[in-house]
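Q: Residue numbers (my numbering): 81 to 657. C-beta atoms are modelled at their ideal positions from N, C-alpha and C, and glycine is treated no differently. Nothing here was measured: the structure is a model prediction, and the numbers come from that model.
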DNA sequence: GCCGTTTTCGGCCCGACTGTTTTCAGTCG
């Protein structure tokens with residue numbers, strides 16, 4: 081994507097300018113980069129339609145940066161940026177990623193000790209050269225050394241589904257302390273981001289010291305990084321960082337708002353407060369010295385003339401502008417979900433019987449599920465050939481008959497489905513004769529992940545042309561922390577999906593969460609419907625729906641955008657179309 | 001470099017903690 085290329089270039093320039101001690105420009109470059117990342121339209125398209133003026137309409141892009149973008153679009157590079165890159169060693173800005181090293185210190189290390197990269201830094205630490213520098217000391221050197229170790233381990237982010245239970249356990253323990261009034265997690269965890277950098281916990285108490293002593297001595301804590309009366313940071317035994325803030329109970333609303341973020345959202349919100357003659361901090365919304373709002377988050381948003389908004393929306397990607405106009409979406413909720421359209425049984429690579437899956441799904445209050453075992457080519461997952469598929473149909477028919485005679489509360493309908501492989505040439509793993517008999521056909525790519533963008537795009541688009549395909553499963557194929565998305569022109573896929581009225585999946589499995597939030601938003605803007613499915617391989621996976629719903633919420637999805645919010649009757653009508 | 005319901009010039013989010021200094025700069029979220 082050209083947009084990401086340009087944004088990355090601007091971020092890189094911001095880093096270099098910051099290293100050189102240039103004021104304000106880095107901030108401007110980063111803002112422009114963010115503005116570009118948030119676009120749903122292609123930079124080329126904007127430039128073609130409206131020229132440089134169009135580029136200047138992008139938030140954060142002014143005359144100068146618009147010229148640079150124009151140059152990049154036309155020539156593939158920017159002369160000024162090339163010169164800037166040459167002025168510092170390549171990779172020096174990477175050192176800023178290390179905790180406790182920022183632009184200033186990194187540049188001092190470069191100027192005084194000639195440190196240009198990670199190995200130079202390691203060598204300097206070994207010889208204790210850093211501790212001798214003015215403004216540094218033994219502690220600084222130790223902190224940099226630790227930061228370097230953590231950096232080398234890689235900054236793999238923790239899955240939401242892994243972080244949430246740990247955070248809940250810590251909160252459970254804190255709740256038992258009588259000095260604590262209220263406690264909540266905040267940060268990216270509360271925003272339900274797909275991965276979590278660190279766990280943020282907010283506590284209200286009038287005895288902050290006791291709280292901090294208790295917290296830093298928890299069994300989960302491996303090392304204390306910082307400890308103050310209002311703010312402490314520790315490293316947990318599993319390697320995650322955990323920050324705790326202690327505030328007064330009456331500051332809870334302002335504190336929760338502040339500590340939930342995102343950072344970008346907060347900055348924008350504070351700017352908005354200033355424009356209205358207020359000041360916003362974690363201690364409240366102030367007019368002069370007078371605190372005018374702080375008890376609840378809603379109070380703060382309302383005072384600023386905004387609609388109240390769910391944490392999932394707080395990313396500074398247009399939610400504040402929408403809130404001002406009263407145009408925030410009515411986000412889908414877990415209770416709106418009426419069924420789950422992708423799951424596996426013992427027939428292929430699932431561990432439970434169809435009956436068990438149906439029974440557990442009924443307990444979740446669903447009206448229907450689709451059993452979508454793998455097709456024959458997925459031999460490794462015991463994919464079903466036509467014969468076994470027919471056998472499965474018989475079993476489903478028998479189960480449905482039995483379920484129909486049961487009491488109404490527990491009645492659930494099992495739909496005959498399949499997760500059909502999209503073969504390398506874009507044809508499907510079953511003949512049309514079989515496909516037309518399936519009630520839910522989910523097409524999926526499970527091979528050739530390394531093929532070219534063109535080839536993968538053609539392959540998927542061709543599969544979507546098949547009139548029996550209903551849903552495209554996990555459209556980008558990524559697995560978080562393990563496998564990147566395959567090369568794919570998602571816009572082209574969206575176009576076909578829109579034209580052929582195909583449904584795109586939000587796979588709720590915690591390491592997939594595919595489509596991503598930004599993709600969901602783009603798809604919905606085009607009027608494409610989505611389906612939030614767990615891809616469960618065991619009945620214990622069925623509750624993963626909550627992660628898929630969170631993902632869709634971050635993509636501004638409403639109930640009307642999601643096909644498995646439809647009643648069984650309505651859903652069948654859509655599928656048969 | 002960007003931006004304007006205080007401004008076309010002069011601002012640019014706000015506060016906590018640490019380490020190295022003796023009053024504060026750098027870093028972080």
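Who pairs with residue 127 in a beta bridge, going by DSSP?
A: DSSP output for residue 127 lists no bridge partner at all.
Q: Does the Cβ of residue 502 have 16 or more other Cβ atoms within 10 Å, making it buried, or fewer, making it exposed?
A: Classification for residue 502: buried.
Q: Less than 8 angstroms between the CB atoms is what I'm expecting for residue 499 and residue 454, so what's the real figure, rounded?
A: Indeed they touch by this definition, with Cβ atoms about 6 angstroms apart.
Q: Could you spell out the range, first to last residue, of the beta strand (DSSP E) harbouring residue 524?
A: Start and end: 520-524.
Q: Return the first residue and the last residue of the alpha helix (DSSP H) that residue 107 is part of.
A: 105-117 is the extent of the alpha helix (DSSP H) around residue 107.
Q: Does DSSP put residue 374 in a helix, a strand or coil?
A: Three-state DSSP puts residue 374 in coil, outside helix and strand.
Q: Can you grab the Cα-Cα spacing for the pair residue 284 / residue 641, in whole Å?
A: Taking the straight line from one Cα to the other gives about 39 angstroms.
Q: Within the same chain, show all residues whose beta-carbon is closer than 6 angstroms to that of residue 110, passing over the 5 residues directly before and after it, in chain order.
A: Closer than 6 angstroms at the Cβ level, and outside the excluded window around residue 110, lie 94.
Q: Whose CA, out of 541, 342, 229, lies closest to the CA of residue 634?
A: When only C-alpha atoms are compared, the closest one is 342.
Q: I need the DSSP call for residue 464, collapsed to helix, strand or coil.
A: It is a strand residue.
Q: On the premise that residue 411 lies in contact with residue 638, defined as a C-beta separation below 8 angstroms, what is that separation, rounded to the nearest angstrom?
A: Indeed they touch by this definition, with Cβ atoms about 7 angstroms apart.
Q: Would you decide whether residue 550 is buried or exposed? Buried here means 16 or more other CB atoms lie within 10 Å of its CB.
A: That one is buried.
Q: Label residue 364 either buried or exposed according to how many other C-beta atoms from any shown protein chain fall within 10 Å of its C-beta, with 16 as the threshold for buried.
A: By the neighbour-count rule (16 or more Cβ atoms within 10 Å), residue 364 is buried.
Q: Return yes when the Cβ of residue 171 is within less than 8 angstroms of the Cβ of residue 196, no when it is not.
A: Contact: yes.
Q: Any chance you could list the alpha helix (DSSP H) runs of at least 4 consecutive residues sitting entirely within the stretch 269-306, in chain order?
A: Within the stretch 269-306, the complete alpha helix (DSSP H) runs of at least 4 residues are 288-296.
Q: So, are the CB atoms of residue 625 and residue 572 less than 8 angstroms apart?
A: Not closer than 8 angstroms, so no.
Q: Just confirm the distance between the C-beta atoms of residue 99 and residue 161, as a whole number of angstroms; I'd bet it's less than 8 angstroms.
A: Going by Cβ atoms, the distance from residue 99 to residue 161 rounds to 14 angstroms, so no, they are not a contact pair.
Q: What residue does the alpha helix (DSSP H) around residue 499 start on, and which one ends it?
A: No alpha helix (DSSP H) contains residue 499, which is instead part of the beta strand (DSSP E) from 493-501.
Q: What's the call for residue 636, buried or exposed, on a 16-neighbour Cβ count within 10 Å?
A: Its Cβ being crowded by 16 or more others within 10 Å, residue 636 is buried.
Q: With DSSP run on the structure shown, which of helix, strand or coil describes residue 176?
A: In the structure shown, residue 176 sits in a helix (DSSP, three-state: H, G or I).
Q: Assign residue 644 to one of two classes, buried (16 or more other C-beta atoms within 10 Å of its C-beta) or exposed (fewer than that).
A: Buried: at least 16 other Cβ atoms inside 10 Å.
Q: Could you check the C-alpha separation between residue 107 and residue 92 for me, to the nearest Å?
A: Roughly 12 angstroms between the two C-alpha positions.
Q: Leaving aside the five residues before and after residue 353 along the sequence, list all residues of the same chain whose C-beta is less than 7 angstroms from its C-beta, in chain order.
A: Same-chain partners within the cutoff: 359, 360, 365, 384.
Q: How is residue 614 classed by DSSP in three states: helix, strand or coil?
A: If DSSP states are grouped into helix, strand and coil, residue 614 belongs with coil.
Q: Verify whether the separation of the beta carbon atoms of residue 333 and residue 260 is less than 8 angstroms.
A: No, they are not a contact pair.
Q: Judging by CA-CA distance, which residue of 554, 579, 245, 529 is the nearest neighbour of residue 607?
A: Here the closest residue by C-alpha is 579.
Q: Bridge partners of residue 265, per DSSP?
A: Bridge partners of residue 265: 281.
Q: Mind checking residue 456: buried by the 16 CB within 10 Å criterion, or exposed?
A: Residue 456 comes out buried.
Q: Between which two residues does the beta strand (DSSP E) holding residue 322 run?
A: Start and end: 321-327.
Q: Do you know how far the Cα of residue 198 is from the Cα of residue 652?
A: The alpha-carbon atoms of residue 652 and residue 198 are separated by roughly 58 angstroms.
Q: From the DSSP output, which residues share a beta bridge with residue 428?
A: Answer is none; residue 428 lacks a bridge partner.
Q: Spatial neighbours of residue 255 within its chain, please: CB distance less than 7 angstroms, with the 5 preceding and 5 following residues excluded, ordered by chain position.
A: 263, listed in sequence order.
Q: So for residue 257, helix, strand or coil by DSSP?
A: If DSSP states are grouped into helix, strand and coil, residue 257 belongs with coil.
Q: Nearest by alpha-carbon distance to residue 163: which of 514, 505, 115, 97 is it?
A: It is 97 whose Cα lies nearest to the Cα of residue 163.
Q: Are the CB atoms of residue 276 and residue 237 within a distance shorter than 8 angstroms?
A: Contact: yes.
Q: Tell me the rounded alpha-carbon separation between residue 154 and residue 181.
A: Going by the C-alpha atoms only, they are around 37 angstroms apart.
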